[in-house]
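Heads up: the structure comes next, in structure tokens.
2 protein chains.
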Amino acid sequence: MASKNSMAKANERREAVLKAAAHLFGQLGFDGTSFSIVAEQAGEKKSFVQYHFENKDVLWRETVSYVWLQRNNALPRYIEDISLQRHSPADNKTMIRELCRNILQFTFAHPEWVKIMFQEASAPGPRLDWLVKEFIGTDFIEGRAMIELGQHHGVLPKVHAMDLLHILSGALLYLVSVAPVTERVLGVSPDSPEYMERHIDTLMTLLQQA
Amino acid sequence: MASKNSMAKANERREAVLKAAAHLFGQLGFDGTSFSIVAEQAGEKKSFVQYHFENKDVLWRETVSYVWLQRNNALPRYIEDISLQRHSPADNKTMIRELCRNILQFTFAHPEWVKIMFQEASAPGPRLDWLVKEFIGTDFIEGRAMIELGQHHGVLPKVHAMDLLHILSGALLYLVSVAPVTERVLGVSPDSPEYMERHIDTLMTLLQQA
DNA sequence: GTGCGGACTATACGATCGTATAGTATCGAT
DNA sequence: ATCGATACTATACGATCGTATAGTCCGCAC
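Put into structure tokens, the structure is as follows:
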């Protein structure tokens, strides 16, 4: 047989390419990322990348799918944890706090999905269309549902749900997106535990008035 | 003399290039923007652009300077208006509301500065360094001062000033940045007066607890 | 052991990139 | 009238882009 070993190895190499591509597409955008850089960063030949991803659009789409898959495997866990259990109001508040912390932690550790989103969101085009249809559309719906759940449980203020989603997303994702800027300006990096904790503290204070 | 007319015309052509470049750098990023596209969008020859901006980095920097100059001419007006006048607490609240609305309106009308910032913020590099040193560093300091002023006047909650700045910036700029996404998902464009007004309403509600 | 198919690689090609350089048109000063 | 400077344009060049194609290697069926 082709042996489990060789197949696993092939997948590893392919995944290394996806990982490098995710990093590069997020950092440099679609145009700034080339087959050769991706290959180099993945420790592969350009022809290898080209062989597994027939063209650049395919590479981009598979990379985005890979990134979102990773994210979806990590993030919604917390959400289910929350919605499945019943807690006292006090517990609920610490829980939503923990949810924010988890989102922030994961996003700092895997900022690719945010960066890719921001890269593509800045200009209309086929890639944005695809991204919305495939992933972000669902994100919006689920995010809104989550907000409404929190409001129903009395742990989020009863304001317009979509606005609150945007404001919370903004508060969390903006922090990650401009982290390199913040680091240069303030000399401290927002992905440190203390910075994150304080930021969430502040955010929670603003939300304490359900 | 070279005549005022011809000089004005020359400046017009140069400015048309800057305007086109601002749009393109914001939409496509540094790598995605080329001399030829800029020239084409400005209705000029590539050599004309090349003549006035000796290389791509110079073009980018002058474009950014042009964009920030425009923004700085428009935005801080409101800030001075606020800090110069003394108001009753009620007036102050409607004023901070109006400030948010003005920022949002201007940014929707001239999203280039936000988009360029997000484009460059995603990756460390010489352009980000320059941007921070030249413009964003000041933005942070002034923004923080503004927040602290609002807190001192009792119209903003007394939380960590830099965090609040990030949260407010996030709430406003994130909305603009992902507007193309929101439009596709919800079918309504966030730059409509009603959407903006409601979003600010929601934001103000969260801040009502100084 | 021969042939074949799939996994990978090397090379080639036209387009476009950023940049450098050579050329032209205009105009005031001499 | 001519010269020189300025403003702009046309062309050229090497590098790199995305892609297409040809070639190599190797495990397995027969």
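Protein sequences appear in the order of chains A and B. With my numbering applied, the first sequence corresponds to residues 2 to 211, in that order. With my numbering applied, the second sequence corresponds to residues 2 to 211, in that order. Ideal Cβ placement from N, Cα and C applies to all residues, glycine included. Keep in mind that this is a model prediction, so the values were computed, not measured.
* alpha helix (DSSP H) segment containing Gly171 (chain A), residue limits -> From DSSP, the alpha helix (DSSP H) with Gly171 (chain A) extends over Ala162 to Ser178.
* For chain A, is any of its Cβ atoms less than 8 angstroms away from the one on Pro194 (chain B)? -> Chain A contact via Cβ: absent.
* **Other residues of its chain near Asn93 (chain B): CB distance less than 7 angstroms, five sequence neighbours each side excluded** => Within the same chain, Asn93 (chain B) has close Cβ partners His154 and Val156.
* Within the same chain, show all residues whose beta-carbon is closer than 8 angstroms to that of Arg15 (chain B), passing over the 5 residues directly before and after it, in chain order. => Here the set comprises His53.
* Asked: Grouping DSSP H, G and I as helix and E and B as strand, with all else coil, what is Ala3 (chain B)?
  -> Confidence at Ala3 (chain B) is low in this model, with a pLDDT of 42, below 50, so its placement is unreliable and no value can be given for it.
* Distance between beta carbons of Met118 (chain B) and Ile137 (chain B), contact taken as under 8 angstroms -> So it is a contact: roughly 7 angstroms between Cβ atoms.
* For Ala40 (chain B), which three-state DSSP category applies? -> DSSP places Ala40 (chain B) in helix when its eight states are reduced to three.
* To do: Using the Cα positions of Arg145 (chain B) and Leu166 (chain B), report the straight-line distance between them to the nearest angstrom.
  => Our two residues, Arg145 (chain B) and Leu166 (chain B), have alpha carbons roughly 6 angstroms apart in a direct line.
* Chain-ordered neighbours of Thr203 (chain B) on chain A, where CB pairs are closer than 8 angstroms -> Taking a Cβ-Cβ cut-off of 8 angstroms, the neighbours of Thr203 (chain B) in chain A comprise Val160, His161, Asp164, Leu165 and Ile168, given in sequence order.
* Counting pairs of beta carbons, one from the segment 23-35 of chain B and one from the segment 102-113 of chain B, are three or more of them closer than 8 angstroms? -> Per the Cβ contact rule, the segment 23-35 of chain B is in contact with the segment 102-113 of chain B (3 or more Cβ pairs under 8 angstroms).
* Measure how close the beta-carbons of Val133 (chain B) and Arg185 (chain A) come, nearest whole angstrom, since I'm counting them as under 8 angstroms. => With a Cβ gap of about 5 angstroms, Val133 (chain B) and Arg185 (chain A) count as contacting.
* **CB contact below 8 angstroms: Pro125 (chain A) versus chain B** => Cβ-Cβ to chain B under 8 angstroms: yes for Pro125 (chain A).
* Please classify Thr206 (chain A): does DSSP put it in a helix, a strand, or coil? => Note: Thr206 (chain A) maps to helix in three-state DSSP.
* The alpha helix (DSSP H) enclosing Glu149 (chain A), as first and last residue numbers -> Note, Glu149 (chain A): alpha helix (DSSP H), Gly138 to His153.
* **Own chain residues within Cβ distance below 7 angstroms of Val177 (chain A), not counting five before or after** => Cβ neighbours of Val177 (chain A) within its own chain (closer than 7 angstroms, five residues either side excluded): Thr108, Phe109, Pro112 and Val115.
* is_contact[Gln120 (chain B), chain A] using C-beta, thresh 8 angstroms -> Yes, contact with chain A.
* Exposed or buried, which one is Val50 (chain A) when buried takes at least 16 other CB atoms within 10 Å? -> Answer is buried; the Cβ neighbour count reaches 16.
* Asked: Apart from the five residues on each side of it in sequence, which residues of its chain come closer than 7 angstroms, Cβ to Cβ, to Leu207 (chain B)?
  -> Excluding sequence positions up to five before and after Leu207 (chain B), its CB lies less than 7 angstroms from no other CB in the same chain.
* Asked: With contact counted as at least three CB pairs below 8 angstroms, one residue from each stretch, are the segment 191-209 of chain A and the segment 182-198 of chain B in contact?
  -> Short answer: they don't touch.
* **Beta-carbon proximity check, Ala122 (chain B) vs Pro181 (chain A), cutoff 8 angstroms** => Yes, Cβ-Cβ distance for Ala122 (chain B) and Pro181 (chain A) is below 8 angstroms.
* Asked: So is Gln42 (chain B) in contact with chain A if we call contact Cβ pairs under 8 angstroms?
  -> No, because no Cβ of chain A sits closer than 8 angstroms to the Cβ of Gln42 (chain B).
* Simplified DSSP state of Pro181 (chain A), which is helix, strand or coil -> Reduced to three states, the DSSP call for Pro181 (chain A) is helix.
* Under 7 angstroms from any heavy atom of the ligand NAP, does the C-beta of Leu157 (chain A) make it? -> The ligand NAP is absent from the structure shown, which contains no ligand whatsoever.
* For the candidate residues A:Thr64, A:Thr139, A:Val179 and A:Tyr67, whose alpha-carbon lies nearest to that of Ala124 (chain B)? -> Out of A:Thr64, A:Thr139, A:Val179 and A:Tyr67, A:Val179 has the C-alpha closest to the C-alpha of Ala124 (chain B).
* Collapsed DSSP secondary structure at Thr34 (chain A) in the structure displayed -> DSSP places Thr34 (chain A) in coil when its eight states are reduced to three.
* With respect to the alpha helix (DSSP H) encompassing Ala75 (chain B), which residues constitute its N-terminal and C-terminal limits? -> Counting along the chain, Ala75 (chain B) sits inside the alpha helix (DSSP H) bounded by residues Lys57 to Ala75.
* Asked: Under a three-way DSSP split, which group does His111 (chain B) fall into?
  -> Coil at His111 (chain B), not helix or strand.
* **Neighbourhood of Thr64 (chain B) by C-beta, 7 angstroms cutoff - its chain only, sequence neighbours within 5 removed** => Contacts found: Leu19, Ala22, Ala23 and Phe26.
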